[in-house]
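Have a look at the structure below before the remarks.
Residue numbers (the numbering used here): 82 to 295.
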């Protein structure tokens with residue numbers, strides 16, 4: 082069963098955030114042999130994609146973001162694996178996240194719905210839809226947060242996606258071969274990485290095995 086509707090309770094969200102924190106700490110210690118957390122909870126075992134992001138709290142500067150779009154593993158496993166993988170974001174290879182930095186970082190999880198084909202590349206909601214574009218045997222994605230944070234139009238989002246993620250001309254999305262898939266995200270956070278336990282995660286709106294970066 083694929084997670085078509087995401088109904089994550091506050092307890093589910095706290096558990097996923099704790100799993101992400103634990104996975105990141107383990108990766109920083111080099112503990113690569115740790116077992117994936119197990120759960121009998123049907124919600125946590127539904128297949129779903131997810132993205133994990135780290136930002137500097139003071140400057141909002143990105144410190145890592147990786148994810149998996151396809152819903153081929155249980156949600157709990159995807160969160161665990163992508164959280165450990167966020168430290169390997171190649172954009173920060175020369176300046177990796179350190180253990181001493183964690184107290185200054187915010188953590189955000191984006192739990193993704195399955196991707197759906199769009200009739201044309203312009204058929205998406207720039208404020209609520211994540212977009213995944215394929216063109217000239219290349220592909221790239223923007224999470225729904227990108228449109229909300231930048232205020233870009235559909236055309237601007239597609240143009241920036243082409244240049245920044247696909248390495249193509251800004252108008253490549255207009256080619257007949259270009260195909261767009263859309264998805265939504267339930268956003269958990271951002272919350273302090275070393276969050277006080279009594280605090281509850283902030284939730285964004287609900288608006289999918291390749292690993293992507295945003």
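Here a beta-carbon is modelled for each residue, glycine too, at the ideal position from N, C-alpha and C.
Since this is a predicted model, take the numbers as computed values, not measurements.
In three-state terms, what does DSSP make of residue i?
i	result
residue 212	strand
residue 249	coil
residue 108	helix
residue 192	strand
residue 269	strand
residue 223	strand
residue 205	coil
residue 263	strand
residue 185	helix
residue 197	strand
residue 160	helix
residue 116	coil
Cα separation between residue i and residue j?
i	j	result
residue 166	residue 258	32 Å
residue 185	residue 124	31 Å
residue 243	residue 130	22 Å
residue 282	residue 192	Confidence at residue 282 is low in this model, with a pLDDT of 46, below 50, so the placement of that residue should be treated as unreliable; the coordinate-derived value is given next. If I take the Cα positions, the gap works out to 14 Å.
residue 216	residue 238	15 Å
residue 254	residue 219	11 Å
residue 160	residue 249	31 Å
residue 187	residue 256	38 Å
residue 235	residue 206	8 Å
residue 272	residue 108	20 Å
residue 181	residue 174	17 Å
residue 252	residue 267	30 Å
residue 122	residue 90	12 Å
residue 190	residue 157	12 Å
residue 232	residue 140	20 Å
Taking 9 Å as the cut-off, decide whether the C-beta atoms of residue i and residue j are in contact.
i	j	result
residue 214	residue 262	yes
residue 135	residue 274	yes
residue 98	residue 276	yes
residue 229	residue 208	yes
residue 95	residue 183	no
residue 168	residue 177	yes
residue 260	residue 198	yes
residue 112	residue 133	no
State the CB to CB distance for the pair residue i and residue j, rounded to an integer number of angstroms; the pair is presumed to be in contact (CB under 8 Å).
i	j	result
residue 127	residue 148	Incorrect: roughly 17 Å between the Cβ atoms, too far for contact.
residue 265	residue 200	17 Å between Cβ atoms; not a contact.
residue 247	residue 221	5 Å
residue 137	residue 144	6 Å
Tell me whether residue i is buried or exposed, calling it buried when 16 or more other Cβ atoms sit within 10 Å of its Cβ.
i	result
residue 295	Because the pLDDT at residue 295 is just 46, under 50, the model does not fix this residue reliably, and the value given afterwards should be weighed accordingly. Flag for residue 295 reads buried.
residue 93	buried
residue 142	exposed
residue 286	Low confidence applies to residue 286: its pLDDT is 41, below 50, so where it sits in the model is not reliable enough to give any reading.
residue 22	In the structure as shown, the chain begins at 82 and stops at 295. Residue 22 is therefore absent and cannot be evaluated.
residue 270	buried
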